[in-house]
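Asks:
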Amino acid sequence: MKKVSQLLILLCVSFLANAADLTTHTSHLFILSGQSNMARFNPDISFTPALKKAFPNDGITVVKDAQGGQLIERWYQQPGMESMASKPGVTNDLYQRLMGKVKAATSAAAYSTVTFIWMQGESDAAKHYADLYETRLRGLIAQLKQDLGRDDIDVVIGRISDFGVRRKKQSRDWEMIRNAQVQVAEADSSHSIWVDTDDLNGDVDKLHYTDEGYRILGERFALAAIKLINNKTSPLLNK
Numbered sequence: 000m001k002k003v004s005q006l007l008i009l010l011c012v013s014f015l016a017n018a019a020d021l022t023t024h025t026s027h028l029f030i031l032s033g034q035s036n037m038a039r040f041n042p043d044i045s046f047t048p049a050l051k052k053a054f055p056n057d058g059i060t061v062v063k064d065a066q067g068g069q070l071i072e073r074w075y076q077q078p079g080m081e082s083m084a085s086k087p088g089v090t091n092d093l094y095q096r097l098m099g100k101v102k103a104a105t106s107a108a109a110y111s112t113v114t115f116i117w118m119q120g121e122s123d124a125a126k127h128y129a130d131l132y133e134t135r136l137r138g139l140i141a142q143l144k145q146d147l148g149r150d151d152i153d154v155v156i157g158r159i160s161d162f163g164v165r166r167k168k169q170s171r172d173w174e175m176i177r178n179a180q181v182q183v184a185e186a187d188s189s190h191s192i193w194v195d196t197d198d199l200n201g202d203v204d205k206l207h208y209t210d211e212g213y214r215i216l217g218e219r220f221a222l223a224a225i226k227l228i229n230n231k232t233s234p235l236l237n238k
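Residue numbering for the sequence shown follows numbering that gives the first Met the number 0, starting at 0 and increasing by one per position.
In structure tokens, the structure reads:
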């Protein structure tokens with residue numbers, strides 16, 4: 000009987016130790032979304048490997064959903080806001096699709112950290128719809144925090160490249176959106192940061208990035224996320 004009691008005690012101690020390991024295990028959720036430059040970006044090439052190298056003992060989950068040529072209102076649109084949607088009822092649908100993937104992956108509340116990585120804005124600039132961009136970007140971030148039940152979400156914003164700055168018909172809106180992205184990121188430097196993309200679209204200065212450009216973008220996204228998770232910022236990211 001004494002041996003049985005001792006065995007039970009050992010089993011209980013072992014169970015409690017394992018339970019403690021589960022509760023203290025560090026895990027990170029990364030949510031990636033945006034339009035074409037995010038859609039063409041493959042996180043498996045440089046983004047996820049960099050994260051795994053930085054956090055070799057932690058759990059890493061990457062959820063990505065992106066679609067080219069879309070306005071930010073496909074992610075954030077409130078009643079009464081001016082809309083350019085060609086069909087009624089399409090606003091906010093890409094956000095709902097993204098959240099469906101996030102919830103299918105797991106519960107965000109179970110993660111040690113959650114990082115939102117955003118690469119979008121070219122369509123709003125090209126269609127001269129930049130005036131409400133900052134409001135909508137702030138609204139999108141607030142909406143994500145509310146839906147996930149977390150106010151500690153880190154945000155990495157890929158500032159759209161200077162592709163449209165030198166094009167007269169787009170330059171005003173392009174600059175407005177670039178500035179809005181920087182302002183939103185710098186408003187809360189402990190939880191957000193912006194990433195420069197001006198040098199990623201090659202010598203021809205195309206809207207989309209080169210293969211090497213996307214690889215570098217992944218490294219920059221990862222470095223920015225790592226800095227935020229470690230509660231640090233790097234001026235080298237912001238040229």
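Every residue, glycine too, gets a C-beta built ideally from N, C-alpha and C.
1) Tell me, to the nearest whole angstrom, how far the beta carbon of isoleucine 215 is from that of glutamine 180; I am working on the premise that it is less than 8 Å.
2) Determine, using beta carbons only, whether alanine 223 and valine 194 come nearer to each other than 7 Å.
3) When we look at the beta-carbon of aspartate 130 and count the other beta-carbons within 10 Å, is it buried (16 or more) or exposed?
4) Between the Cα of tryptophan 74 and the Cα atoms of Ser45, Val61, Gln34, which residue gives the shortest distance?
5) Using a Cβ-Cβ cut-off of 7 Å (strictly less than) and excluding sequence neighbours within five positions of valine 3, which residues of its own chain qualify?
6) Is it right to say valine 203 is buried, meaning 16 or more other beta carbons lie within 10 angstroms of its own, or is it exposed?
7) Please say whether serine 191 and valine 154 have beta carbons closer to each other than 7 Å?
8) Quick one: Cα of isoleucine 59 to Cα of lysine 205, how far?
9) In terms of residue numbering, what span does the beta strand (DSSP E) encompassing threonine 114 cover?
10) With a Cβ-Cβ cutoff of 7 Å, do aspartate 172 and histidine 207 count as a contact?
11) Among Ala49, Leu28, Ile44, Met118, which residue has its Cα nearest to the Cα of serine 70?
12) Taking the alpha helix (DSSP H) that glycine 33 falls in, what are its first and last residues?
13) Could you check which residue in Asp187, Phe40, Lys226 has the C-alpha nearest to that of isoleucine 140?
14) For leucine 21, count neighbouring Cβ atoms within 10 angstroms of its own Cβ and tell me buried if that reaches 16, exposed if not.
15) Using a threshold of 7 Å, state whether the C-beta atoms of leucine 199 and glycine 212 are closer than that.
Replies: Put simply:
1) Actually they do not touch by this definition, with Cβ atoms about 18 Å apart.
2) yes
3) exposed
4) Gln34
5) For valine 3, the predicted structure reports a pLDDT of 43, less than 50, and the residue's modelled location is therefore unreliable. A value from the coordinates is still provided. Same-chain partners within the cutoff: there are none.
6) exposed
7) yes
8) 33 Å
9) 112-118
10) no
11) Sequence inspection shows leucine at residue 70; the serine mentioned does not correspond to that position. For leucine 70, the nearest C-alpha among the options comes from Met118.
12) Glycine 33 -> not in any alpha helix (DSSP H); beta strand (DSSP E) instead, spanning 26-33.
13) Asp187
14) Caution applies to leucine 21, whose pLDDT of 35 falls short of 50 and renders its modelled position unreliable; the value that the coordinates give is listed next. With fewer than 16 other Cβ atoms within 10 Å, it is exposed.
15) yes
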